[in-house]
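Asker: Here it is: the structure, laid out below.
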Amino acid sequence: MAKNEYHFITRWSFDASIEEVAVILEDVETLAHWWPSVYLRVNVLDEGDANGIGKRVDLLTKGYLPYKLRWHFEVVSSDAPRGYAIEARGDFHGVGKWVLEQDGAKANVTYDWRVAANKPLLKKLSWLMKPVFSWNHHWAMEQGDRCLRAEIERRRGASA
2 MAKNEYHFIT
12 RWSFDASIEE
22 VAVILEDVET
32 LAHWWPSVYL
42 RVNVLDEGDA
52 NGIGKRVDLL
62 TKGYLPYKLR
72 WHFEVVSSDA
82 PRGYAIEARG
92 DFHGVGKWVL
102 EQDGAKANVT
112 YDWRVAANKP
122 LLKKLSWLMK
132 PVFSWNHHWA
142 MEQGDRCLRA
152 EIERRRGASA
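The sequence shown begins at 2 in the working numbering and counts up one residue at a time.
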């Protein structure tokens, strides 16, 4: 693996159905609303087909560290509500795969993210700062776990 390449696997578990979780994750237009600690701007460029394949999204994101990432993704496969895969380009390049599995009353979510940092700062310093950049990613995903839990409850309350 090159110094600027990263592989992250994130696992979340919610007291929810995979359908509830999938609806929120696929509603990318609302990411900046419910996950504001990471998503600063989300613009859908193309809605894709009826299954979301081909959906293209432009993003501005951040972590705990004081830098921003400009990137976009395209949905390349979908098996709703069991998950979907994206290809990312921009400040990093790679693939991400969301997998949702129902386990009784629990929705188990796995995100497999394989990327190479292309942002000049990250690419240049990855040889030295890889543990710090990795920590930053884990911080962002911890925020996602916390924020998605709150969004599930908010949407349940709104529909009651």
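No residue lacks a Cβ here, since even glycine has one placed at the ideal position from N, Cα and C. If you're wondering where the values come from, they're calculated on a predicted model, not measured in any experiment.
Given a threshold of 16 other Cβ atoms within 10 Å of its Cβ, counted over all protein chains shown, does residue 52 qualify as buried or as exposed?
Answerer: Exposed: under 16 other Cβ atoms inside 10 Å.
Asker: Work out the CA separation of residue 13 and residue 146 for me, nearest whole Å.
Answerer: Their Cα atoms are separated by approximately 7 Å.
Asker: How many angstroms separate the CA atom of residue 140 from the CA atom of residue 38?
Answerer: Spanning the two alpha carbons is a distance of roughly 10 Å.
Asker: Buried or exposed, going by whether 16 or more other CB atoms sit within 10 Å of the CB of residue 123?
Answerer: The residue in question, residue 123, is buried, as its Cβ has 16 or more Cβ neighbours within 10 Å.
Asker: Whole-angstrom Cβ separation of residue 5 and residue 81, contact assumed at under 8 Å?
Answerer: Not really, about 32 Å apart at Cβ, beyond 8 Å.
Asker: Within this structure, are the beta carbons of residue 7 and residue 114 separated by less than 9 Å?
Answerer: A contact, by the Cβ cut-off of 9 Å.
Asker: Could you say which of 98, 60, 105 lies nearest to residue 92 if we only look at CA atoms?
Answerer: If we check each option's Cα against that of residue 92, 60 comes out closest.
Asker: I need the boundaries of the beta strand (DSSP E) containing residue 10, first residue and last residue.
Answerer: Per DSSP, residue 10 belongs to the beta strand (DSSP E) from 6–16.
Asker: Residue 131 to residue 120, Cα distance in whole Å?
Answerer: Distance between the alpha carbons of residue 131 and residue 120: 13 Å.
Asker: Could you tell me the distance, in whole angstroms, from the CA atom of residue 110 to the CA atom of residue 143?
Answerer: Rounded to the nearest angstrom, the two C-alpha atoms are 13 Å apart.
Asker: Of all Cβ atoms in chain D, is any one closer than 9 Å to the Cβ of residue 124?
Answerer: Here there is only one protein chain, and chain D is not present.
Asker: Cβ of residue 108 within 9 Å of Cβ of residue 35?
Answerer: Going by C-beta atoms, residue 108 is not nearer than 9 Å to residue 35.
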